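Protein chains: 2
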Amino acid sequence: MQRYKAIVAYDGSSFSGYQIQPKGRTVQGEIEQVLRKLHKGQPVGVTASGRTDSGVHARGQVIHFDSTLNLSGQQWIKALNSLLPDDISFSKVEVAAPGFHARFDAVGKEYRYFIYTNPVRDPFRRHYAAHVRGAVDVEAMKRAAVCLVGTHDFTSFCSAKTETENRVRTLSRLNIEEQGGELVLTFAGNGFLYNMVRIITGTLLDVGRGKMDISSIPGVLAAKDRTVAGKTAPAEGLYLWEVFYE
Amino acid sequence: MQRYKAIVAYDGSSFSGYQIQPKGRTVQGEIEQVLRKLHKGQPVGVTASGRTDSGVHARGQVIHFDSTLNLSGQQWIKALNSLLPDDISFSKVEVAAPGFHARFDAVGKEYRYFIYTNPVRDPFRRHYAAHVRGAVDVEAMKRAAVCLVGTHDFTSFCSAKTETENRVRTLSRLNIEEQGGELVLTFAGNGFLYNMVRIITGTLLDVGRGKMDISSIPGVLAAKDRTVAGKTAPAEGLYLWEVFYE
Chain A
1 MQRYKAIVAY
11 DGSSFSGYQI
21 QPKGRTVQGE
31 IEQVLRKLHK
41 GQPVGVTASG
51 RTDSGVHARG
61 QVIHFDSTLN
71 LSGQQWIKAL
81 NSLLPDDISF
91 SKVEVAAPGF
101 HARFDAVGKE
111 YRYFIYTNPV
121 RDPFRRHYAA
131 HVRGAVDVEA
141 MKRAAVCLVG
151 THDFTSFCSA
161 KTETENRVRT
171 LSRLNIEEQG
181 GELVLTFAGN
191 GFLYNMVRII
201 TGTLLDVGRG
211 KMDISSIPGV
221 LAAKDRTVAG
231 KTAPAEGLYL
241 WEVFYE
Chain B
1 MQRYKAIVAY
11 DGSSFSGYQI
21 QPKGRTVQGE
31 IEQVLRKLHK
41 GQPVGVTASG
51 RTDSGVHARG
61 QVIHFDSTLN
71 LSGQQWIKAL
81 NSLLPDDISF
91 SKVEVAAPGF
101 HARFDAVGKE
111 YRYFIYTNPV
121 RDPFRRHYAA
131 HVRGAVDVEA
141 MKRAAVCLVG
151 THDFTSFCSA
161 KTETENRVRT
171 LSRLNIEEQG
181 GELVLTFAGN
191 GFLYNMVRII
201 TGTLLDVGRG
211 KMDISSIPGV
221 LAAKDRTVAG
231 KTAPAEGLYL
241 WEVFYE
């Protein structure tokens, strides 16, 4: 029995999220079904670095699983990708240390959020970026973002349903840049609360559209109250980009 | 009654092609249904510069239609796009000369074909570019492309089902360039036969993969026989990019 670590990309558009559930098509469900086929009907469970919601994408989700099959990385990729539907693709499979855990061993993550601001909606971006009509003050968003970088209690910026008691996280980087006519927000940190990236994005967009003043951001953080932050930005703009390990 | 000229973009992935048909979802069908709603149930026919097949995309399809509604370009765009499904989008609507015809008045078209050559398939490109595994000799493809530019009988490069008798067309440009890690083939000409762009692309890919020699291209043209050219490249890589008028 060997533990494997793998990197998976998926287009979240047609999934009811990453995590397996009784109803609905899920990324985990598709992967476990294929692994079962490769193991002659024996169930093989996979553990991811974390879930992603319905419609959220991944470029570099990391999972681990145990297997008695002795395949090389290239053989695993070929076997898995030839059986998986074309909206999931493995790009790397390697032998991991026996105790490696995709979730508990992760020391950080990078998410990216894509926004396009064309006056007219673009049919090719409908599943892959959020559409914001009208001008956005990018410089104001950048200045507001600076207030959020660092170690803070992010209670105001996570779903009210969050059960985690400790909402202190370190946001080590929040870059905003224009790239190919779109706005790309890059978030890096040691951990992210439920909906944190999407609520921060929604709040920064409020600043960019003049609905919220930059000076009120520190107060939003201090309030520790979800209702004072902006709306949760839509799922389609969000990508789990990379997961970091020691 | 006024004639309007409009530019439409659509993601062809979920359509059974542009042209209306008894069964299946079509671009024309969706547009005519929305125009009918805007005209209180009166049918309004639209005429396009030409059809596109199932899975083929358009950035700049051009259509015309007649209407008694007196709306500005911006009003038309707003009215149409708010009722249309999100895989179709109008980017321009303007009053045309009374006799303007989207198909007969077109003097040329530009198509683009996107190819990616990553060893592993990319879930985000599955509907938007053709996937070719392994190395491709781009310089060889460029040299082969030169043999096809100009005025030729393109019988070898159109579907055997083509009913048009005169298969002489002028391909004024066939550029091949690498762009964002993908290969982009740009075709411009005064007219294109059925499947012509996809068969030329399939043939150039045979050259790029060493399955066909550059020196045989003139012979393929001269043969006027579909069976001597390469396979028809898949629909998902093809975009009707622009339609030209006087």
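Chains as they are written, first to last, in UniProt numbering: chain A, 1 to 246; chain B, 1 to 246. In this text, a Cβ means the ideal position worked out from N, Cα and C, and glycines have one as well. Note that the structure is a prediction, hence the values are computed from the model and not measured.
Of all residues in the segment 99–123 of chain B, those with a C-beta nearer than 7 Å to a C-beta of chain A are V120, R121, D122, P123, reading in chain order. Within the DSSP bridge table, the entry for A/N175 names A/T186 as partners.
For B/D153, the secondary structure class from DSSP, reduced to helix, strand or coil, is strand. Taking the beta carbon of B/N175 as reference, no residue of chain A falls within 7 Å; the closest one sits roughly 20 Å away. Closer than 8 Å at the C-beta level to chain A, one finds these residues of the UniProt domain "Pseudouridine synthase I TruA alpha/beta" (6–105) of chain B: A9, Y10, D11, H57, I77, N81, D86, D87, I88, S89, F90, S91. Per the DSSP secondary-structure output, B/L238 pairs in a beta bridge with B/Y113. Counting along the chain, the unbroken beta strand (DSSP E) around A/K92 starts and ends at 88–95. Residue-level contact by beta carbon holds for A/Y128 and chain B, with a gap shorter than 9 Å. Three or more pairs of CB atoms, one per stretch, sit closer than 8 Å, so the segment 130–150 of chain B contacts the segment 215–233 of chain B. Residue pairing by DSSP places A/V136 in no beta bridge whatsoever. Restricting attention to B/Y128, B/E110, B/V95, the CA atom closest to the CA of B/Q75 is found in B/V95. One alpha carbon belongs to A/V138, the other to A/V184, and they sit about 11 Å apart. Apart from the 5 residues on each side of it in sequence, B/S156 sits with its Cβ closer than 7 Å to the Cβ of V220, L221, A223, K224, D225, R226, V228, A229 in its chain, given in chain order.
Contact between the segment 98–110 of chain A and the segment 19–31 of chain A is absent, with fewer than three C-beta pairs closer than 8 Å. Check the Cα spacing between A/L193 and each of A/E182, A/G202, A/S159, A/N175: the tightest is with A/S159.
Residue state for B/G210 is assigned as coil, using DSSP reduced to three classes. Per DSSP, reduced to three states, the secondary structure at A/G180 is coil, with no helix or strand assignment.
Secondary structure at A/K161: coil, using DSSP grouped into helix, strand and coil. It is roughly 10 Å from the alpha-carbon of B/R51 to the alpha-carbon of B/V62. A/N175 and A/T186 have their C-alpha atoms roughly 5 Å apart.
DSSP lists B/D66 as the bridge partner or partners of B/R3. Here B/T26 carries a coil assignment [DSSP, helix/strand/coil].
Non-local beta-carbon contacts of A/V136 in its own chain, meaning distances under 8 Å to residues more than five positions away in sequence, involve I115, T117, L183, L205, G208, R209 in chain order. Closest by C-alpha distance to A/A188, out of A/R3, A/V120, A/S13, A/F244, is A/F244. B/R133 and A/R167 have their C-alpha atoms roughly 45 Å apart. Judged by beta-carbon spacing, B/H101 lies within the 9 Å limit of B/T47, meaning their Cβ atoms are closer than that value. Setting aside the 5 residues that flank it on each side, B/E246 is surrounded in the same chain by D105, V107, each with a C-beta closer than 8 Å to its C-beta; the list follows chain order. Counting only the Cα atoms, B/E177 lies some 26 Å from B/D153. Here B/E165 is exposed: its Cβ has fewer than 16 other Cβ atoms, across all protein chains shown, within 10 Å.
Under the three-state reduction of DSSP, A/G73 is assigned to helix.
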